[in-house]
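A.B. asks: Heads up: the sequence shown begins at 458 in the working numbering, then just goes up one per residue.
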Amino acid sequence: MNQSFKSAIRNPNSAISPSALARRAREFAARFEFGDALLVFYFVIFVRQWFWGLENAAAWCLTFPLALACWYFYVSTKGEAGERPAASFWLVVALPLLFVYGLRAPFPDSAYDVWSLRLFHGERALRGFIYLPGEFFPTSAPFNPTPDMLTGLFRHLLGYRLGTIVNLLALVWAGTILERLLRPFVRGPRLRALCVLLALFAEHLLFEINNYMPDLLALPLMLEATRLVLDPEEWKRAPGADGSKSTDELKRRRRAVVRVAFLVGAGVALKLSNGALAAPLIAVCAWRVLARGPLKLKALAADALASLLVFAAPLVPFMVWVYRLTGSPIFPIYNGYFRSPFYPPSNGWDGRWGGFGAREILAWPVLIFFEPQRTAEISLYSGRLSAAFVVALACLLLARRVEARTRTLAFTVVLGSLLWSLTMGYIRYGLYLEVLSGVLLVAVAASLFSGDARAAAHAAAHLHSPSAASRWRKALAALVCAVLVAQSFLAARYVSRQEWSMRPTAFQDFGSYLQESKYLLRDRSIRALLSDDERGMFDRVGVWVVSGSKTAGLIPFLNDRAPVVGVRSAGIFVMEASRREFARTLDRFEGRAMYSLALPEDYDEALLALHNAGLREGRVETVVIPFFAPSHLVRLYIFEVTRGRATGETAARED
458 MNQSFKSAIR NPNSAISPSA LARRAREFAA RFEFGDALLV FYFVIFVRQW FWGLENAAAW
518 CLTFPLALAC WYFYVSTKGE AGERPAASFW LVVALPLLFV YGLRAPFPDS AYDVWSLRLF
578 HGERALRGFI YLPGEFFPTS APFNPTPDML TGLFRHLLGY RLGTIVNLLA LVWAGTILER
638 LLRPFVRGPR LRALCVLLAL FAEHLLFEIN NYMPDLLALP LMLEATRLVL DPEEWKRAPG
698 ADGSKSTDEL KRRRRAVVRV AFLVGAGVAL KLSNGALAAP LIAVCAWRVL ARGPLKLKAL
758 AADALASLLV FAAPLVPFMV WVYRLTGSPI FPIYNGYFRS PFYPPSNGWD GRWGGFGARE
818 ILAWPVLIFF EPQRTAEISL YSGRLSAAFV VALACLLLAR RVEARTRTLA FTVVLGSLLW
878 SLTMGYIRYG LYLEVLSGVL LVAVAASLFS GDARAAAHAA AHLHSPSAAS RWRKALAALV
938 CAVLVAQSFL AARYVSRQEW SMRPTAFQDF GSYLQESKYL LRDRSIRALL SDDERGMFDR
998 VGVWVVSGSK TAGLIPFLND RAPVVGVRSA GIFVMEASRR EFARTLDRFE GRAMYSLALP
1058 EDYDEALLAL HNAGLREGRV ETVVIPFFAP SHLVRLYIFE VTRGRATGET AARED
């Protein structure tokens, strides 16, 4: 708690004097950074989920003031920002990222996960719980919707196309943190900005820069936690006159510990897989606390309790809700441990990705470069983590010759990579490691070059010629730099060709790019673009049955009043408890008109899902919806659904 805050509590009258307000405003401005402007939206979504059970308007009336208060407290109690990024940062880092974002920005995002669940979760969670009472798994699984709430806020503010700009802002925010993280290694601001750009230039980060996938949003939080753990100023010993710890040191340590706990908890809330990646940070943070000894048990217990509370705060609302719904706080993941009756008791999730067997899992951070088809649905990988993992192992083997920060980075990369590989090995869940790998490569190259410079200066002072070791250091540093630059160029090539929605770039279809650009900031509704007959057709739906892929995300924009029943998750329907609950759900909705949607290419698969659930299709109609613009048309089949097994004849489609 800063001094002005405490004095305001002791003397409230002095806190509202013009001079006091001006002083506090200056102190706040000294602490305010670029990322803090975006952080306020993070606090809004974290606070909003605590009021999911309230009426929507009342919930938002409580959310905004509480979120602003939490945000103000967070910013006002951190250390001063210090030197801010130079103008070169915005030119060298932010401008290229904006260029990459702009390549596809006018084309609306239609990625599989986005239409299948992200849009649905985001729209629902901004109003309350993601599943309404009585619904049956409208999406494949009830994942934590906090990242979808964040993208949803920007979608409502800026429209569908520019709502994705939050990912660009998150990457720029991450860049400002990297700029501070690299200051001990790279002195010049221009060269440092270039190193930041290289660290961020990994293809699987840039694949998501302008869509509604959730993976980039936790990056700045995890990186800020990393910076706090690595920064010696946050843990610096400041003994008092008697050699004991000073009050300032205890405050600084407590502030760092609690802040790291909050950042990691928020990162896990935004992406559950960050829990494994955060383990090295937690270990280093605990070691730093214990190494400061002697310890006072009471102070240690207070720090631990405060850290636990702020860590859990962003996680508790959703985990309690999903536990009450399914019997597991992280359903359906690790159901072998939690034993929800609605999902098979398996600890795996998707066997397509990662290594198989202990040997492959241990070596997966390197093997990933040679097996890109097991990396993600976009089977491209430029090898950032593979190179950094080898370098990190070398740093740990030569620990005595490696500077402390670099050792800690190497430890974080190695342990984080192994835990990531053990949990799944899917590259989208390891983007934090991708960025940290770039930081490690820059740090190692800078250390080698600085060691070579010191050796050259020593040789010149003693009239010696540079040693062979010096030449080897220079060669190794050049090799590390070359690997990072080559990887970044390869990433740029991949990004120019592919991304999750497979949209063209401005260079590939400039005419359509200009046409779609007309709808920027004007694309907030689908229903407004429908005819009266089309709106009436969707309004007569009493219950939505999600049978087709990429359709659940469209439902909130067509008719958000009808309850939703999902039949696509094969894993859920394996379980007897799920089938009984599904039958009870249909009984509750007896008499309501049930309809389903399917894309033409997915129609047969949608029918199979219906039949497996004991349902059958009725008359099929074709509808063409303008997806947030009259020029962007999506053809759908809408068909009535009834209970009872199919007769073997597929309903005729009325085209």
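Cβ coordinates follow ideal geometry from the N, Cα and C atoms, glycine included. Bear in mind the structure is a predicted one, so any value in this text is a computation, not a measurement.
So if DSSP puts A1055 in a beta bridge, which residue, or which two residues, is it bridged to?
C.D. replies: Answer is Y1094.
A.B. asks: Kindly indicate which three-state DSSP category G645 falls into: helix, strand or coil?
C.D. replies: coil
A.B. asks: I'd like the ranges of any alpha helix (DSSP H) spanning at least 4 consecutive residues and lying wholly in the stretch 778-830.
C.D. replies: 792-795 and 814-824
A.B. asks: Between which two residues does the beta strand (DSSP E) holding G1023 run?
C.D. replies: Following the DSSP letters along the chain, one finds G1023 inside the beta strand (DSSP E) bounded by residues V1021 to G1023.
A.B. asks: Within 10 Å of its beta-carbon, does K975 have 16 or more other beta-carbons around it, so buried, or fewer, so exposed?
C.D. replies: So K975 counts as exposed.
A.B. asks: Between G579 and Q506, what straight-line distance do the alpha-carbon atoms span, to the nearest angstrom?
C.D. replies: 12 Å
A.B. asks: Report the rounded CA-to-CA distance for A538 versus D989, giving the unit in angstroms.
C.D. replies: 55 Å
A.B. asks: Going by beta carbon distance, what residues of the same chain come within less than 6 Å of A912, once the five residues before and after it are set aside?
C.D. replies: Residue placement at A912 is poorly supported in this model, since its pLDDT is 47, which falls under 50; the coordinates still yield a value, given next. S927.
A.B. asks: Using alpha carbons as the reference points, say which of L635, F564, I739 and V504 lies closest to F775.
C.D. replies: V504
A.B. asks: Within its chain, find whatever has a CB closer than 6 Å to the CB of Y1060; leave out the 5 residues flanking it on each side and keep chain order.
C.D. replies: Y1094
A.B. asks: Rounding to the nearest angstrom, what Cα-Cα distance links G700 and S894 in this structure?
C.D. replies: Residue confidence for G700 is low, a pLDDT of 46 falling below 50, so the modelled location carries little weight and cannot support an answer.
A.B. asks: Alpha carbon to alpha carbon, what distance is there between V823 and V896?
C.D. replies: 18 Å
A.B. asks: Could you check whether P595 and G1023 sit closer than 8 Å to each other, using their CB atoms as the reference points?
C.D. replies: Result yes, Cβ atoms of G1023 and P595 sit closer than 8 Å.
A.B. asks: When DSSP labels each residue in this structure, what does T1079 get in the three-state scheme?
C.D. replies: strand
A.B. asks: Measuring straight from C-alpha to C-alpha, what distance separates V424 and F642?
C.D. replies: Outside the modelled stretch of the chain, which goes from 458 to 1112, sits residue 424, for which no answer is possible.
A.B. asks: How should S785 be labelled, buried or exposed, when 16 other C-beta atoms within 10 angstroms of its C-beta is the threshold for buried?
C.D. replies: buried
A.B. asks: Can you say whether W744 is buried or exposed, counting buried as having 16 or more other CB atoms within 10 angstroms of its CB?
C.D. replies: exposed
A.B. asks: Return the CA-CA distance between V1098 and R1073, expressed in angstroms with no decimal places.
C.D. replies: 6 Å
A.B. asks: So, for D996: in the same chain, excluding its five sequence neighbours on each side, which residues have a beta-carbon less than 7 Å away from its beta-carbon?
C.D. replies: N1016
A.B. asks: Along the chain, where does the beta strand (DSSP E) containing W692 start, and where does it finish?
C.D. replies: Unbroken run through W692: none, as it is neither H nor E.
A.B. asks: Along the chain, where does the alpha helix (DSSP H) that runs through V870 open and close?
C.D. replies: A861 to T880
A.B. asks: If we ignore side chains and look at the alpha-carbon of each, how far apart do Y791 and A733 end up?
C.D. replies: 13 Å
A.B. asks: Which whole runs of the alpha helix (DSSP H) in the stretch 972-1009 are 4 residues long or more, in chain order?
C.D. replies: 989-996
A.B. asks: Might you give, ordered along the chain, the residues of its own chain that have their beta carbon closer than 8 Å to the beta carbon of Q955, omitting 5 neighbours on each side?
C.D. replies: F664, I835 and L837
A.B. asks: Do the stretch 1050-1060 and the stretch 619-633 meet, that is, are 3 or more Cβ pairs less than 8 Å apart?
C.D. replies: no
A.B. asks: CA-CA distance, L888 and L680?
C.D. replies: 11 Å
A.B. asks: Suppose only complete runs of 4+ residues qualify. What are the alpha helix (DSSP H) ranges in the stretch 473-561, listed by chain order?
C.D. replies: 475-488, 491-505, 513-533 and 552-559
A.B. asks: Roughly how many whole angstroms lie between the Cα atoms of G697 and F768?
C.D. replies: Note that G697 scores 48 on pLDDT, short of 50, meaning its location in the model is unreliable; the coordinates nonetheless yield the value given after this. The straight-line gap from Cα to Cα measures roughly 31 Å.
A.B. asks: DSSP beta-bridge partners for F593?
C.D. replies: V1022
A.B. asks: So who's on the other strand from L1072, going by DSSP bridges?
C.D. replies: R1100
A.B. asks: Does the distance from the C-beta atom of A1070 to that of F1039 stay below 8 Å?
C.D. replies: Against a cut-off of 8 Å, the Cβ pair of F1039 and A1070 comes out as a contact.
A.B. asks: Do three or more CB pairs link the stretch 792-804 to the stretch 1027-1042 at distances below 8 Å?
C.D. replies: Contact between the stretch 792-804 and the stretch 1027-1042 is present, because at least three Cβ pairs lie under 8 Å.
A.B. asks: Could you tell me the alpha carbon to alpha carbon distance between V1000 and A514, rounded to whole angstroms?
C.D. replies: Between V1000 and A514, the alpha-carbon positions lie close to 25 Å from each other.
A.B. asks: For G793 and L879, I'd like the C-alpha separation in whole angstroms.
C.D. replies: 16 Å
A.B. asks: Which stretch, first to last residue, makes up the alpha helix (DSSP H) that contains I1012?
C.D. replies: I1012 to L1015
A.B. asks: Exposed or buried, which one is D1044 when buried takes at least 16 other CB atoms within 10 Å?
C.D. replies: exposed
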